[in-house]
Amino acid sequence: MNVPGTYSTIDGNTNTDKCSTINYPAGNYCANYTRSGYSKWHLPAIDEVSLLWANRLSLGSAGIPATLADNFWSSTSMDDFIVYTVDWTNGNTNSTVQKSSTATGIPFRRVPR
335 MNVPGTYSTI DGNTNTDKCS TINYPAGNYC ANYTRSGYSK WHLPAIDEVS
385 LLWANRLSLG SAGIPATLAD NFWSSTSMDD FIVYTVDWTN GNTNSTVQKS
435 STATGIPFRR VPR
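Counting along the sequence shown from 1, when you hit position 64 you're at 398 in this note's numbering, and nothing is skipped either side.
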């Protein structure tokens, strides 16, 4: 599924807004997610997913698995057919995953300072 304009590597919120306008399942799920009374979640951009991976051990108790044998979905498109993912076993960025495939995603929420 082509989601125009989802090329930001740092702004998953904007990417998710664009995904939501065309009923893209992962974007809709994250945009409508609510937990512990908090809303305004998004599907993270590739740099946000990489940041999650880099901090996965310290964040594990906050609901992010320290180990996950799967590609971790981002909201960043490479082109009309490919989406960037992070291999959760080693932190490598993948740019070969078809948008029509299945991967793990997690809602991401920015906390204002």
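Quick reminder that beta carbons are idealized off the backbone N, C-alpha and C, glycines included.
Simplified DSSP assignment, three categories, for residue i
| i | result |
| --- | --- |
| Thr419 | strand |
| Asn405 | strand |
| Arg369 | strand |
| Ser342 | coil |
| Val383 | helix |
| Ser429 | strand |
| Ser392 | helix |
Start-to-end residues for the alpha helix (DSSP H) that takes in residue i
| i | result |
| --- | --- |
| Ser354 | Gly346 to Ser354 |
| Asn424 | Segment: none, Asn424 is in no alpha helix (DSSP H) and carries neither H nor E. |
Assumed close pair residue i, residue j - CB separation to whole angstroms, cut-off 8 angstroms
| i | j | result |
| --- | --- | --- |
| Lys433 | Phe415 | 6 angstroms |
Cβ neighbours of residue i in the same chain (closer than 7 angstroms, five flanking residues each side left out)
| i | result |
| --- | --- |
| Val337 | Lys352, Cys353, Ile356, Tyr358 and Ser411 |
| Asp381 | Thr343 and Ile344 |
| Thr350 | Gly361, Cys364, Ala365, His376, Leu377 and Ser409 |
| Asp404 | Trp422, Ala437 and Thr438 |
| Ala379 | Ser342, Thr343, Ile344, Asp345, Gly346, Asn349, Ser408, Ser409 and Thr410 |
| Thr340 | Asn349, Lys352, Cys353, Ser409, Thr410 and Ser411 |
6 angstroms CB neighbourhood of residue i in its chain, flanking five on each side removed
| i | result |
| --- | --- |
| Asn347 | His376 |
| Val383 | Phe406, Ser408 and Val420 |
Candidates the options: closest to residue i by CA position
| i | options | result |
| --- | --- | --- |
| Ser390 | Asn366, Asp421 and Ser409 | Reading off the sequence, residue 390 comes out as Arg, not Ser. Residue Asp421 is the option with its Cα nearest to Arg390. |
| Val431 | Gly371, Ala379 and Tyr418 | Tyr418 |
| Gly425 | Arg369, Gly371, Leu385 and Asp413 | Leu385 |
Same chain, Cβ closer than 8 angstroms to residue i, neighbours up to 5 away in sequence not counted
| i | result |
| --- | --- |
| Asn428 | Asn405, Tyr418, Thr419, Val420 and Asp421 |
| Tyr367 | Ser373, Trp375 and Pro441 |
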